[in-house]
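Report on the following structure.
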Amino acid sequence: MTGQGAVPAPGPGGLQAERTRLAWCRTSLSVLANAALLAVREIVAAGPDAAAAPIAVALVIAVATIVVGRVRAKALRRSPLPAHLAPTRAVPLIGWSVAALAVLSGGVLLL
Amino acid sequence: MLSPSRARSASRQRGHVLPEDTGEPDYRFTLANERTFLAWIRSSLSLLAAGIAVVQLIPAFPLPGVRTVTGGLLVVLAVLCAGNGVLRWHRVEYAMRRDGALPPQRAPWVLAVGLAVLALVALVLVVLKGVGG
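First to last, the protein sequences are chains C and L.
Using this note's numbering, the letters of the first sequence correspond one by one to residues 1 to 111.
Using this note's numbering, the letters of the second sequence correspond one by one to residues 112 to 244.
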């Protein structure tokens, strides 16, 4: 696969920063899609009920994901890159929030 | 799914100790780990969306209780995916900072079995629909 005449090696960055920024962007869109899906029942029910809680949580997570994505994109645009690059706070924050959203949505929808 | 301390003791038994923190790994590995985490989160969100849709959008199934069981399984898989994403990110980060081997993982198997069960349920429902008209 790596013989002569093969595809030239990709650039040094491999568009790492752009791919990471887009991954955050896709993730925030996924959260928003879930908020919309949760809102369908709320709109049909026409009135505040327990389903409003997961919608609110989903919207908060969506905003948090957009903000974190923007902060990451800004950090990755810097040259040279920051010494400590790993998102040590953002990963548990977003990850456990999404897990909590799933638990909450499941509880409201199924119980 | 080795915890960091267990991974260290396991490597010690093989006669070599994982070196202490060797500092920041190549930035491309750090970002790849971050994107893998985000992919787990998106898988979780997709499963959750499917669970929500099963419970509140599609018409009732011919069998009672199937809707709750299917939606419940999808939500459980969503929780597992999100939790595994965070734990896996930590383990890979730990291994990369010590030039260690990436830890093995069982989560894809759990996910695959869960999805296979869901596919079988869908197959049964399709057949029932076809037979019953």
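Ideal Cβ placement from N, Cα and C applies to all residues, glycine included.
Burial is judged here by how many other beta carbons sit within 10 angstroms of a residue's own beta carbon; C:S79 has fewer than 16 and is exposed. Assigned with DSSP and collapsed to three states, C:A51 falls in coil, not helix or strand.
From the beta-carbon of C:A83, the residues of chain L found nearer than 7 Å are E135. A contact between stretches requires three or more CB pairs, one per stretch, nearer than 8 Å, and the region 153-163 of chain L meets this requirement with the region 187-196 of chain L. In the displayed model, L:F148 falls within a helix according to three-state DSSP. C:W96 has its alpha-carbon roughly 20 Å from the corresponding atom of C:L37.
Looking from the CA of C:R70, the closest CA among C:C25, C:G14, C:I55 and C:R19 belongs to C:C25. With respect to C:A73, C:R19 sits apart: the two C-beta atoms are not nearer than 9 Å. Only T88, A90, V91, P92, I94, G95, W96, S97, V98, A99, A100, L101 and A102 from the region 88-102 of chain C bring a Cβ to less than 9 Å from some Cβ of chain L. Distance from the Cα of L:L236 is smallest, within the candidate group L:Y205, L:A160 and L:I169, for L:I169.
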